[in-house]
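Following: one structure in structure tokens, then a few remarks.
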Amino acid sequence: MDLQSFSQQLDELRARALDAVATADDPAELDSVESAYLGRNGELRKLLGNIGQLPGPDRPKVGALANPIREELEATIATRRARLDEIALDVRLAREKVDVTLPGRALPRGSLHPLIETQREIARIFGQFGFVTYDSPQVETEALNFEALNIPADHPARDLWDTLYVAGSDRHLLLRTHTSPGQIRVMRSTSPPIRALSPGRCFRYEAVDASHGFEFFQVEGLMVDEGTTLADLRGLLDEFAHGMFGPDTATRFRPGYYPFTEPSVAFDIGCLICGGSGCPACKRTGWLTILGAGMVHPVVLRNGGIDPERYQGFAFGMGTDRIAMLRHGIGDIRSFLDDDMRFLGSF
Ligand code: DAH
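Quick note: the sequence shown uses our numbering, first residue 1, plus one each step.
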């Protein structure tokens with residue numbers, strides 16, 4: 001081999017390499033072209049390995065021939081690599097393009113559950129008179145749900161409440177049958193003057209129908225202060241009825257019975273359906289009962305740690321479901337807990 005044919009072989013290698021670089025169209029392919037020609041076991045190395053076959057004086061000239069070609073190939077590969085990166089980026093940008101002019105997908109708007117909304121409206125109205133909301137547990141002790149409220153174990157009033165006891169608690173724990181134990185908790189955790197609401201879920205072992213649920217909501221109210229009277233209760237409940245059902249709503253007190261109040265009353269509003277003339281909704285009486293109330297029994301005050309000689313109080317308890325049904329003209333209490341979006345979405 002002489003220098004001329006060596007030079008020809010170099011040129012020929014250069015041409016093939018340039019061609020391969022130009023046609024490599026992804027980075028991995030370009031890497032393998034690079035190592036095939038310029039790598040440790042690449043063609044250029046191999047060719048240079050033949051240097052020993054050249055006549056002695058020609059050997060030093062090999063570098064001057066080969067180095068520019070190596071540099072040219074390295075530069076061409078670098079340029080090609082940059083170009084391929086650019087192309088890859090363009091492809092990605094095109095694929096991941098976000099069209100910010102597209103209208104967004106509308107999110108369905110949620111709304112408060114009608115019972116929660118009603119509960120809040122009740123709290124808002126009483127809030128205007130200084131009533132503050134307290135949380136009270138749904139799993140309650142028998143002592144607070146009954147005994148502390150003047151309903152001893154053998155008292156016939158217990159028959160009013162069909163109770164769900166917690167298994168394994170030896171009848172010590174139950175699902176509260178009303179929010180009234182909240183009264184005791186409030187009295188024990190604070191001192192008069194007290195203006196408290198205690199809303200939430202209650203449970204009874206009920207036969208379910210359009211107006212009875214085994215799970216329902218109540219809002220309890222309690223006021224304790226010096227010189228609190230039944231007239232204060234009457235005035236407050238009138239304000240509530242007018243705030244909730246409109247200023248022309250008729251109201252009345254009827255005698256009632258609860259073990260934890262003395263005297264006890266039922267509070268009625270004029271029937272919203274017939275306006276008082278009598279219809280099936282009010283059982284032809286013209287009146288709808290919306291809550292029970294009364295002056296807190298001295299025994300209950302004492303159980304709450306309050307001196308009944310000094311303080312008096314009134315309490316009331318209303319069915320949130322009932323109020324919501326009257327407000328929205330809902331005919332069946334079961335709708336509230338059915339989780340039917342067609343029903344819930346209409347509020
Ligand atoms: N706890 C009673 C019930 O569930 C409602 C009630 C009546 C609450 C009179 C009161 C009250 O605070 O004074 O039927």
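Note that CB positions come from ideal geometry on N, CA and C, so glycine has one too.
Give me the Cβ distance between residue i and residue j, rounded to the nearest whole Å; I'm assuming they're in contact under 8 Å.
i, j, result
"residue 38", "residue 74", "7 Å"
"residue 215", "residue 174", "Contact flag wrong, Cβ pair sits at about 14 Å."
"residue 240", "residue 343", "In fact, because the Cβ distance is near 26 Å, the residues do not count as touching under 8 Å."
"residue 183", "residue 230", "The Cβ separation is near 17 Å, so there is no contact."
"residue 265", "residue 256", "5 Å"
"residue 213", "residue 206", "7 Å"
Out of the options, state which residue places its alpha-carbon closest to the alpha-carbon of residue i.
i, options, result
"residue 191", "276, 150, 261 and 225", "225"
"residue 135", "69, 187 and 239", "187"
"residue 263", "50, 170 and 296", "296"
"residue 51", "2, 327 and 196", "2"
"residue 267", "339, 277, 250 and 176", "250"
"residue 118", "341, 345, 327 and 344", "327"
"residue 298", "274, 314, 242 and 241", "314"
"residue 176", "196, 147 and 195", "147"
"residue 46", "281, 10, 203 and 291", "10"
"residue 317", "93, 90, 143 and 196", "196"
"residue 252", "227, 291 and 284", "291"
"residue 59", "6, 97 and 93", "6"
"residue 203", "308, 145, 210 and 22", "145"
"residue 78", "209, 27 and 234", "27"
"residue 67", "44, 56 and 84", "44"
"residue 269", "153, 302, 4 and 288", "288"
"residue 83", "116, 62 and 25", "25"
"residue 243", "307, 275 and 120", "120"
"residue 211", "276, 189 and 282", "282"
Assign residue i to one of two classes, buried (16 or more other C-beta atoms within 10 Å of its C-beta) or exposed (fewer than that).
i, result
"residue 347", "exposed"
"residue 311", "buried"
"residue 178", "buried"
"residue 325", "buried"
"residue 159", "exposed"
"residue 87", "exposed"
"residue 100", "exposed"
"residue 167", "exposed"
"residue 259", "buried"
"residue 185", "buried"
"residue 322", "buried"
"residue 208", "exposed"
"residue 152", "exposed"
"residue 180", "buried"
"residue 198", "buried"
"residue 261", "buried"
"residue 320", "buried"
"residue 309", "exposed"
CA-CA distance, residue i and residue j?
i, j, result
"residue 157", "residue 150", "10 Å"
"residue 64", "residue 71", "11 Å"
"residue 81", "residue 54", "35 Å"
"residue 236", "residue 172", "36 Å"
"residue 200", "residue 336", "14 Å"
"residue 193", "residue 131", "11 Å"
"residue 76", "residue 109", "59 Å"
"residue 217", "residue 133", "15 Å"
"residue 396", "residue 294", "No answer is possible for residue 396: it lies beyond the span of the chain, which begins at 1 and ends at 347."
"residue 340", "residue 333", "13 Å"
"residue 29", "residue 48", "24 Å"
"residue 93", "residue 20", "27 Å"
"residue 106", "residue 97", "21 Å"
"residue 14", "residue 42", "13 Å"
"residue 280", "residue 128", "34 Å"
"residue 102", "residue 345", "28 Å"
"residue 331", "residue 271", "14 Å"
"residue 104", "residue 111", "21 Å"
"residue 165", "residue 232", "36 Å"
"residue 169", "residue 142", "10 Å"
"residue 91", "residue 36", "28 Å"
"residue 57", "residue 69", "21 Å"
"residue 4", "residue 31", "31 Å"
"residue 123", "residue 116", "10 Å"
"residue 307", "residue 155", "24 Å"
"residue 304", "residue 189", "9 Å"
"residue 12", "residue 85", "28 Å"
"residue 137", "residue 276", "38 Å"
"residue 113", "residue 329", "15 Å"
"residue 301", "residue 286", "35 Å"
"residue 8", "residue 95", "46 Å"
"residue 234", "residue 247", "15 Å"
Using a Cβ-Cβ cut-off of 7 Å, state whether residue i counts as contacting chain B.
i, result
"residue 90", "Protein chain content of the structure displayed is limited to a single chain, and chain B is not contained in it."
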